[in-house]
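S.K.: Pasting in a structure now, in structure tokens, and then I'll have a few things to ask.
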Amino acid sequence: MDMEKAYNPKAIEDSLYQAWESSGAFKAERVEGKKPFTIVMPPPNITGQLHMGHAMDTMMQDVPARFHRMKGDPTLWLPGTDHASIATEHKIIEKMAEEGLTKESLGREGFLSRAWEWKRDYAGYITKQLRKLGAGCDWSRERFTMDEGCSKAVTEVFLRLHEKGLIYRGNRIVQWCPVCKTALSDAEVEYEQQDSHLWHIRYPGPGGSRGVTVATTRPETMLGDTGVAVHPQDERYTDLVGGHVILPLMNRDIPVVADSYVDKEFGTGVVKMTPAHDPNDYEVAMRHNLAILRVIHDDGTMNASAGPFEGLTTLECRQRVVSELTRLGLLEKIEKHTHQVGTCYRCHTTVEPMTSTQWFVRMKPLAEPAIQAVRDGEVKFVPDRFAKTYFDWMENIKDWCISRQLWWGHRIPAWYCRDCGRITVGAAAPAVCACGCVAFTQDEDVLDTWFSSALWPFSTLGWPDKTEDLAYFYPTDMLVTGYDIIFFWVARMVFSGIAYMGKPPFHTVLIHGLVRDDQGRKMSKSLGNGIDPLEVIDKYGADALRFSLAMGVSPGNDTRYSIEKAEAARNFANKIWNASRFVFMNAQEAINLHGRPLDITDKWILSGFTIAVREVTAHINEGDFGLAAQKIYDYSWSEFCDWYIELAKSRLFGTDDDAKDTVRAVLLYVLEGILKLLHPFMPFITEAIYKLLPGTEGFIMHAAWPEADPALFFPDEAAQMQGVMEMMKRIRNTRADVNVAPGKKTRLFIIPAEGYQQILKDSTAFFQRLVWAQDVIVGDGGLLLKEKTVSGACAAGEFYIPLGDMVDIQKETQRLEKEIDRIRKEIDRASGMLANPGFTAKAAAPVIQAERDKLAENNKIMEALNRRADELKGEAHDG
RNA sequence: GGUCUGUUGGCUCAGUUGGUAGAGCACAUCGUUCACAUCGAUGGGGUCACUGGUUCGAGUCCAGUACAGACCACCA
221 MDMEKAYNPK AIEDSLYQAW ESSGAFKAER VEGKKPFTIV MPPPNITGQL HMGHAMDTMM
281 QDVPARFHRM KGDPTLWLPG TDHASIATEH KIIEKMAEEG LTKESLGREG FLSRAWEWKR
341 DYAGYITKQL RKLGAGCDWS RERFTMDEGC SKAVTEVFLR LHEKGLIYRG NRIVQWCPVC
401 KTALSDAEVE YEQQDSHLWH IRYPGPGGSR GVTVATTRPE TMLGDTGVAV HPQDERYTDL
461 VGGHVILPLM NRDIPVVADS YVDKEFGTGV VKMTPAHDPN DYEVAMRHNL AILRVIHDDG
521 TMNASAGPFE GLTTLECRQR VVSELTRLGL LEKIEKHTHQ VGTCYRCHTT VEPMTSTQWF
581 VRMKPLAEPA IQAVRDGEVK FVPDRFAKTY FDWMENIKDW CISRQLWWGH RIPAWYCRDC
641 GRITVGAAAP AVCACGCVAF TQDEDVLDTW FSSALWPFST LGWPDKTEDL AYFYPTDMLV
701 TGYDIIFFWV ARMVFSGIAY MGKPPFHTVL IHGLVRDDQG RKMSKSLGNG IDPLEVIDKY
761 GADALRFSLA MGVSPGNDTR YSIEKAEAAR NFANKIWNAS RFVFMNAQEA INLHGRPLDI
821 TDKWILSGFT IAVREVTAHI NEGDFGLAAQ KIYDYSWSEF CDWYIELAKS RLFGTDDDAK
881 DTVRAVLLYV LEGILKLLHP FMPFITEAIY KLLPGTEGFI MHAAWPEADP ALFFPDEAAQ
941 MQGVMEMMKR IRNTRADVNV APGKKTRLFI IPAEGYQQIL KDSTAFFQRL VWAQDVIVGD
1001 GGLLLKEKTV SGACAAGEFY IPLGDMVDIQ KETQRLEKEI DRIRKEIDRA SGMLANPGFT
1061 AKAAAPVIQA ERDKLAENNK IMEALNRRAD ELKGEAHDG
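Note that this note's numbering has the first sequence beginning at 221, numbered continuously upward.
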């Protein structure tokens, strides 16, 4: 067996992945009569490369996928990428700008061919990264949101919604990004707190009559004012309602209306109404039939309706308006004011709300069944608190603006007659218009990128065609994603699945948190604090990266990532590697464990394995990969490596061939089990070692997931073994206390407690190897010689280490007293509890029994320690 | 303004139905015997943010307070 001394991930990872992929190991097969396990991958945006968040997301999907594959479920993990309309277009434009190019200079065709090139490059790079991470997805089913099938699904959905009257086109106020020059949905606006001012501006009354003073954060929009509003119950202004005031600078008469939207307490109690550039004002304007006057262009400059201010940017216009008002003496005061300003989620430019003709989806009818599905438990969020986030959004949903003034995306399937302008919605241009015209132009706009993402769980399986994959794999089982896209994506997938497939797209939504830097900050390019997953893989291996993203993470919570975590996981991988190396050095052939005479250490480690299997399986089922990883780590390292392997050495290096075979069989059995439990987290190293394991064939990824075997579970013996181990620890501790050099051999006398006679006699070899005893004498007190010893007592019995002149009787007395103190505290605690009638009357029976047992045990220990302390007094006296 | 999360040893975090507080890293002492120094042994270190309540018993359940963070929201 030629295993390197240290585990070297680089030597195996790439070739292993290639072996998996080329053998079709990840390819999902439809098996009649068997329930599949399906995950569709949240398609990464083709805007760049994968970051730590994607690595987390990938691990979180690969773990359940590999787990279910090992459980024998036909498993499909379907990968793909997202065209990410606005985000990608934004990036491409940035890149083009470096070459001095613009969208307009290339034209639509030219731009799109560049975009497709971009897609080829980035999707290729991303899928390469996923392979590096060890993602076991079915590449034969890889999809892209703009491929032929997905595009067909998009058109189909658009037509169906339009048919049902759920898609409409209209002139409404929308969020507009003046840099991306497109409309946005409400979800695409991010609010940022900004320090600003509140300008108080006087709007005079007609003919020198009483006017009003309005307070605004956006003076430039006053050019588009078509009214002012006051609260209906505000006595200060009742006389003005129904009248007019004069809009300064523009010298326009504008009406004063009363609307309860106005807050009497805020500002002056008078709000200027700019319906074309403020969503609330728009609402008020609808109620009071105010005019709607746009004063800002799509590019964020003032238009002709702004009169003398035409051509200025909004910011320049603000300054000019303020200085003009000051000159005219109409600016009463300026207050400091902080408020939330909407910005574009892709370029972070301040958005300008403005009226615009766009396509919308009527959301209420779609949202209702989607809310019900979560309420009824058809769709479950894990952790379930995220259902609340979902409800909050779905219950207050507004119509969804789906058209974008972009080029990269699914073009809207609507056709305009060149003669009469009539709109026809259809997959292709109609042959002839009702007006007799045969010339049409397609709508210039594309759809919101989330429109296609919403269909991902079924468009990728072939919908709207009735494919075998769709019939077999839909609905899928689990969706894994970060809490940051519950609105954007999860909610929209749920209502889409219900609307078009009749069933929600998955039954479980597993939510994870964000991966932050070691100071808790978001990892971002601008901060330069990101850790590149590929660098971690390069340095520590993909398994270490994956494991470090699972360890110590609790579901749905953010996690801080530091390189130390990768290092710790790398060390664990190395530990597994070397434990395996040890096993293979001592066991070259497969040995059947069944029917072999097990000793107490075998029974102990096998019982521990049963527990590990139960816990790891349960935690993976619950989606708690942090606890699952922790259990594997502890069992493998603390129990198997630190104890069992060390205990095994006495038989392994002994002369009893039969005992040797038994311990070999157990080593191989447990190692194989550990590899399987670990495989979903660390696929590469476990696969590599599994190949070397005698008697195995095929991939571990197809091996059966371990099951708890009742025939290999021995709780009583395991508990006894723990008593022996505790004695070993106490002996080591005692030796360290009195500064006995670690390697120094000493004799050891043991007086077993009741029930421990046999096991301690059988354990002398372990004491020799693990606590540096040479002669171990297990017997009664009569064996004790008149020698100077250090000693101790624990549940399994008393122990005495003769150390001759090294023993300082005074110090030994002090040491024993410390021990006595410790035990006394235990006794006080337990007897206190048992003396409490409330406890004995109400606590569960096993809990009370456990306390009684502990008390009895500690009483015995105390007895032994006291006796020994008395003896020491005698010795001090003699000496 | 609303909702949610967090506050546990120097640091990063675990802690499943309430039953004597755990890990990793860091620290101290010791250790190269044939799996591993990417290691082993031993040790120090916490009134579980605070205040009440429920309970025989609370890190764990309830209420409130403080601090931190996230998300949502139309106060111009």
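A virtual CB, placed ideally from N, CA and C, is assigned to each residue, including glycine.
The structure presented is a predicted model; accordingly, all values stated were derived computationally and were not measured.
Would you report the Cα separation of E1046 and A1076, rounded to the nearest angstrom?
M.R.: Near 11 angstroms, if we compare the C-alpha coordinates of A1076 and E1046.
S.K.: Would you kindly work out how many angstroms separate the C-alpha atoms of I1021 and E1095, rounded to a whole number?
M.R.: I1021 and E1095: Cα-Cα distance of roughly 16 angstroms.
S.K.: Do you know how far the Cα of R967 is from the Cα of A993?
M.R.: If you take the alpha carbons of A993 and R967, they lie about 5 angstroms apart.
S.K.: Does DSSP classify F660 as helix, strand or coil?
M.R.: Here F660 sits in strand by DSSP.
S.K.: Rounded to whole angstroms, what is the Cα-Cα separation between R340 and Q850?
M.R.: Cα to Cα, R340 sits roughly 40 angstroms from Q850.
S.K.: Among L321, V729, T821, E927, which residue has its Cα nearest to the Cα of L699?
M.R.: L699 has its Cα closest to that of V729, out of L321, V729, T821, E927.
S.K.: Is the segment 292-302 touching the segment 355-366 in the sense that three or more CB pairs, one from each, lie closer than 8 angstroms?
M.R.: Output reads yes: the segment 292-302 touches the segment 355-366.
S.K.: I'd like to confirm something about D367: is its beta-carbon nearer than 8 angstroms to some heavy atom of the ligand GTP, or not?
M.R.: By its list of ligands, the structure shown contains no ligand whatsoever, and the ligand GTP lies outside what it can speak to.
S.K.: Could you check if I909 is buried or exposed, using at least 16 other CB atoms within 10 Å of its CB as the buried criterion?
M.R.: That one is buried.
S.K.: Any idea what DSSP makes of F969, helix, strand or coil?
M.R.: Strand, per DSSP.
S.K.: Do F767 and V599 have their C-beta atoms closer together than 9 angstroms?
M.R.: No, the pair does not count as a contact, with Cβ atoms beyond the cut-off.
S.K.: The alpha helix (DSSP H) that contains G562, what's its start and end?
M.R.: Counting along the chain, G562 falls outside any alpha helix (DSSP H), though it belongs to the beta strand (DSSP E) covering 551-564.
S.K.: Kindly identify the DSSP beta-bridge partner or partners of D473.
M.R.: DSSP, once it has assigned bridges, lists I466 as partnering D473.
S.K.: Quick one, are the C-beta atoms of T575 and P495 less than 9 angstroms apart?
M.R.: Going by C-beta atoms, T575 is nearer than 9 angstroms to P495.
S.K.: Just the C-alpha distance for M1082 and V594, rounded to the nearest angstrom, thanks.
M.R.: For M1082 and V594, the distance between alpha carbons rounds to 59 angstroms.
S.K.: Which of helix, strand or coil does DSSP assign to R834?
M.R.: R834: helix per DSSP, three-state reduction.
S.K.: Let me know the secondary structure DSSP gives E1018 once reduced to three states.
M.R.: It is a strand residue.
S.K.: Measuring only the C-alpha atoms, how far is D665 from S305?
M.R.: Roughly 11 angstroms between the two C-alpha positions.
S.K.: L769 and V735 - do their beta-carbons sit closer together than 9 angstroms?
M.R.: Yes.
S.K.: Near N749, which residues of its chain fall below 7 angstroms by C-beta distance, leaving aside the five closest residues on each side in sequence?
M.R.: Excluding residues within five positions, the ones whose Cβ falls inside 7 angstroms are D737, R741, M743.
S.K.: Check R456 in the structure and name its three-state DSSP category.
M.R.: Three-state result, R456: coil.
S.K.: Consult DSSP for A590 and reduce its assignment to one of helix, strand or coil.
M.R.: Residue state, collapsed to three classes: helix.
S.K.: My guess is that G918 and A1016 are in contact by the Cβ rule of under 8 angstroms, so how many angstroms apart are they, rounded?
M.R.: About 44 angstroms; that fails the 8 angstroms criterion.
S.K.: On the premise that D406 lies in contact with Q413, defined as a C-beta separation below 8 angstroms, what is that separation, rounded to the nearest angstrom?
M.R.: With 8 angstroms as the limit, Q413 and D406 do not qualify as a contact, their Cβ atoms being about 18 angstroms apart.
S.K.: Quick check on the burial criterion: 16 or more other C-beta atoms within 10 angstroms. Buried or exposed for V448?
M.R.: Buried, since its Cβ has 16 or more Cβ neighbours within 10 Å.
S.K.: Does DSSP put T1100 in a helix, in a strand, or in coil?
M.R.: As shown, the chain starts at 221 and ends at 1099. That puts residue 1100 outside it, with no answer to give.
S.K.: Would K247 and D358 be called neighbours here (beta carbons separated by less than 9 angstroms)?
M.R.: Contact flag set, yes.
S.K.: Kindly confirm or deny that the segment 756-766 and the segment 853-866 touch, where touching means at least three C-beta pairs closer than 8 angstroms.
M.R.: As far as the Cβ criterion goes, the segment 756-766 does not touch the segment 853-866, which means the pair count is below three.
S.K.: Just list the alpha helix (DSSP H) runs in the segment 1039-1096, keeping only unbroken ones of 4 residues or longer that don't cross its boundaries, in chain order.
M.R.: Correct list: 1057-1062.
S.K.: Output yes or no for whether 9 angstroms exceeds the beta carbon distance between P817 and D878.
M.R.: Contact flag set, yes.
S.K.: Between the alpha carbons of S673 and M713, how many angstroms are there, rounded?
M.R.: One C-alpha to the other measures close to 7 angstroms.
S.K.: Contact defined as beta carbons within less than 8 angstroms: I believe I751 pairs with I783. What is the distance between those atoms, to the nearest angstrom?
M.R.: About 7 angstroms; that satisfies the 8 angstroms criterion.
S.K.: Looking at K484: is its Cβ nearer than 9 angstroms to the Cβ of H451?
M.R.: Yes. Within cutoff.
S.K.: Exposed or buried, which one is R538 when buried takes at least 16 other CB atoms within 10 Å?
M.R.: With 16 or more Cβ atoms within 10 Å of its Cβ, R538 is classed as buried.
S.K.: Measuring CA to CA, which of P1066, A1063, A1089 is closest to L1036?
M.R.: Cα-wise, what sits closest to L1036 is A1089.
S.K.: Residues in its own chain within less than 7 angstroms of F802 by CB, not counting five upstream and five downstream?
M.R.: Answer for F802: I865, listed in chain order.
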